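Input: a single structure, listed below in structure tokens.
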Amino acid sequence: MTLNPDTAETGLPIRLLHDRVLVKQEASEGERRSSAGLVIPATASVGTRLSWATAVGVGPHVRAIQVGDRVLFDPDERSEVELHGEAYVLLRERDVHAVAASRVEPDATGLYL
Numbered sequence: 042m043t044l045n046p047d048t049a050e051t052g053l054p055i056r057l058l059h060d061r062v063l064v065k066q067e068a069s070e071g072e073r074r075s076s077a078g079l080v081i082p083a084t085a086s087v088g089t090r091l092s093w094a095t096a097v098g099v100g101p102h103v104r105a106i107q108v109g110d111r112v113l114f115d116p117d118e119r120s121e122v123e124l125h126g127e128a129y130v131l132l133r134e135r136d137v138h139a140v141a142a143s144r145v146e147p148d149a150t151g152l153y154l
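Residue numbers (the numbering used here): 42 to 154.
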């Protein structure tokens, strides 16, 4: 089995194809705190809420995302996969709404459309 150079350092036995991005979500879908410190339960009704995740692998045709970048995506449009007992999300690059990375220019939007 060939390891993707981007995922070899994390030990993931996978080679991503085309414009696929493998991400690991940062926070659980449980309760969270507002900026004022109020606890918002997981059962609270909110509109569509985007999620942040960290890219752990990218395919050869991904142009705007690198391993280690934080990406913003819609959790309703995702495919989940389990590798070595860990849950990951598989996305297409076009499903990523924004990229947060230190290399992003200060005046750039960081968006890939």
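Don't be surprised by glycine CBs; every beta carbon is placed ideally from N, CA and C. Since the structure is predicted, the reported quantities are computational estimates derived from the model, not experimental observations.
Subject >> First and last residue of the uninterrupted beta strand (DSSP E) at serine 120 >> reply: 120-124
**OP:** If I'm right that valine 112 touches isoleucine 106 with Cβ under 8 Å, what's the distance once you round it to whole angstroms?
**Re:** 6 Å
Original post:
Going by DSSP, what residues sit across from valine 103 in a beta bridge?
Top reply: Beta-bridge pairing links valine 103 to no other residue.
Subject >> For arginine 90, three-class secondary structure by DSSP >> reply: coil
Subject >> Beta bridge counterpart(s) of glycine 98 as assigned by DSSP >> reply: Leu63
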